[in-house]
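**Q** Residue numbers (the working numbering): 48 to 231.
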Ligand SMILES: Cc1cc2nc3c(=O)[nH]c(=O)nc-3n(C[C@H](O)[C@H](O)[C@H](O)COP(=O)(O)O)c2cc1C
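1) Excluding the 5 residues preceding and the 5 following residue 169 in the sequence, name in chain order all residues of the same chain whose CB lies nearer than 7 angstroms to its CB.
2) Going by other Cβ atoms of all chains shown within 10 Å of its Cβ, with 16 needed for buried, is residue 62 buried or exposed?
3) Quick one: what's got a C-beta closer than 7 angstroms to residue 202's C-beta in the same chain, skipping five residues either side?
4) Report yes if the C-beta distance between residue 177 and residue 138 is below 8 angstroms; otherwise report no.
5) Which class does residue 231 belong to by DSSP, given the choice of helix, strand or coil?
6) Excluding five sequence neighbours on each side, which residues of the same chain lie with their C-beta closer than 6 angstroms to the C-beta of residue 73?
7) Can you give me the Cβ contacts of residue 205 inside the same chain, cut-off strictly under 7 angstroms, excluding the 5 residues immediately before and after it?
8) Select from 182, 54 and 159 the residue whose C-alpha is nearest the C-alpha of residue 133.
9) Using the C-alpha atoms, what's the distance from residue 217 back to residue 49?
10) Ordered along the chain, which non-local residues of its own chain (more than five positions away) have a Cβ less than 6 angstroms from that of residue 213?
11) Sort 207, 52, 51 and 58 by Cα distance to residue 126 and report the nearest one.
12) Express the C-alpha separation of residue 199 and residue 76 in angstroms, rounding to a whole number.
13) On the three-pair Cβ rule with 8 angstroms, is the segment 79 to 93 touching the segment 180 to 189?
14) Between the Cα of residue 147 and those of 87, 129, 172 and 156, spot the shortest distance and give me the residue it belongs to.
15) Let me check you understand the geometry: is the CB of residue 57 closer than 7 angstroms to at least one non-hydrogen atom of ligand 1?
16) Quick one: residues in its chain with C-beta nearer than 6 angstroms to the C-beta of residue 85, no 5 flanking neighbours on either side, listed in chain order?
17) Taking all protein chains shown into account, decide if residue 145 is buried (16 or more other Cβ within 10 angstroms of its Cβ) or exposed.
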């Protein structure tokens with residue numbers, strides 16, 4: 048089974064979760080393509096499972112203005128953040144507009160990274176991904192969010208949790224059953 052893992056990332060946290068997801072899928076025998084949203088294909092026909100991940104900005108998916116703000120954070124030496132290559136380019140929001148939805152439709156799953164505060168205050172980009180795909184007639188079958196601390200570093204254990212989540216996605220997609228959403 049072929050899987051596509053698409054991510055956007057400013058400081059590397061969402062990329063690290065995407066990499067953990069991709070490694071777990073590969074360890075389960077899937078053929079996995081891991082790509083930044085700006086490099087992601089429009090044509091999804093060859094994939095049985097598509098997993099889309101984004102940082103949460105202003106409660107939802109990044110916009111050009113919030114990407115610029117993230118770049119300003121990285122310019123602030125005191126934050127010790129390194130901006131990812133291509134961070135200011137096209138992201139998940141733009142890819143969701145340009146991708147083509149094939150029939151039969153692959154299983155779709157979405158994840159976000161967000162601050163480690165209650166979701167009510169943080170928002171969740173995964174919910175934004177689900178909403179945009181729903182408008183295109185696609186139901187996302189699993190959502191997850193992974194937390195970063197106040198210094199914008201992944202909270203300990205989040206990559207392992209992402210790997211566990213990915214294995215549940217792979218097994219559900221392989222068996223054809225609907226995927227059980229993982230509530231953190
Ligand atoms: C401009 C900006 C706005 C943000 N807004 C939110 C927010 O509304 N809620 C939240 O939980 N985190 C917010 N964050 C924190 C990001 O979610 C966090 O930096 C991101 O998950 C880190 O992932 P990345 O390293 O892949 O970019 C914001 C970060 C930036 C730079």
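Heads up, the beta-carbon is just placed ideally off N, CA and C, and yes, glycines get one too.
**A** Reading off the structure:
1) 103, 161 and 162
2) buried
3) 163, 194, 195 and 196
4) no
5) Note that residue 231 has pLDDT 41, beneath the 50 cutoff, so the model's placement of it is unreliable and the number below is only indicative. Here residue 231 sits in coil by DSSP.
6) So the qualifying residues of the chain are 79.
7) The beta carbon of residue 205 sits closer than 7 angstroms to the beta carbons of 64, 193 and 194 from its chain, once the five residues preceding and following it are set aside; these are given in chain order.
8) Taking each of 182, 54 and 159 in turn and checking the Cα distance to residue 133, the smallest one comes out for 54.
9) 10 angstroms
10) 68, 71 and 72
11) 58
12) 32 angstroms
13) Two segments are said to touch when three or more pairs of C-beta atoms, one from each, lie closer than 8 angstroms; by this definition the segment 79 to 93 does not touch the segment 180 to 189.
14) 87
15) Of the heavy atoms belonging to ligand 1, at least one sits nearer than 7 angstroms to the Cβ of residue 57.
16) 133, 136 and 137
17) exposed
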